[in-house]
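What the sequence shown shows, in my numbering, is residues 4 to 127, in sequence order. Accompanying notes for the structure given below.
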Amino acid sequence: MMASPLLSGEEEKCVAVDAALGHIGHGKFHLLLLLFAGATQFADAMELILISFLADELRCPWGLSQFEVTCLQLSVLVGMGVGAVVSGSISDRFGRWRGTAFAIATTGIFGLLSSFAPGLYTML
């Protein structure tokens, strides 16, 4: 394992990462953090996977061209990029938990609204 230097007073002491993590321990907070971060990563991955399948399924019923299908798929990536910048700014100003909660809430709200979209332009 790699050791990282820790300053203790005037002497420098090297501690292995495993030893430091063992000393700190883990508890309810770490489990919640793991579940929270895992759930958000899972939701992001599912959004990307679902839009790739959904775009092809909507091509015929909505009469979409290949360009429009590409725009639909691209809008998800653009939304993720804009959302990362906005939620990052909110996180810097109000804290990580609030920024992440904002990102999850807006993703959920707009995901629910897009499920009722009757056409391409209302979905975008």
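C-beta: ideal position from N, C-alpha, C; glycine also.
- Cβ-Cβ separation between Leu51 and Val20: approximately 32 Å, too far for a contact (criterion under 8 Å).
- Between Gly102 and Gly86, the C-beta gap is not smaller than 8 Å, which leaves the two residues out of contact.
- When the Cα atoms are used, His29 and Leu36 turn out to be separated by approximately 11 Å.
- When rounded, the separation of the alpha-carbon atoms in Ile112 and Pro121 is 17 Å.
- Proximity of the segment 68 to 79 to the segment 52 to 59 meets the contact definition, three or more beta-carbon pairs being nearer than 8 Å.
- A residue is called buried when at least 16 other Cβ atoms come within 10 angstroms of its Cβ; Leu116 does not meet this threshold and is exposed.
- Phe70 has its alpha-carbon roughly 21 Å from the corresponding atom of Gly84.
- Cα atoms of Pro64 and Phe97: separation of roughly 44 Å, rounded to the nearest angstrom.
- Our two residues, Leu123 and Thr110, have alpha carbons roughly 18 Å apart in a direct line.
- Each residue's CA atom was taken as its position, placing Ser118 and Asp95 some 31 Å apart.
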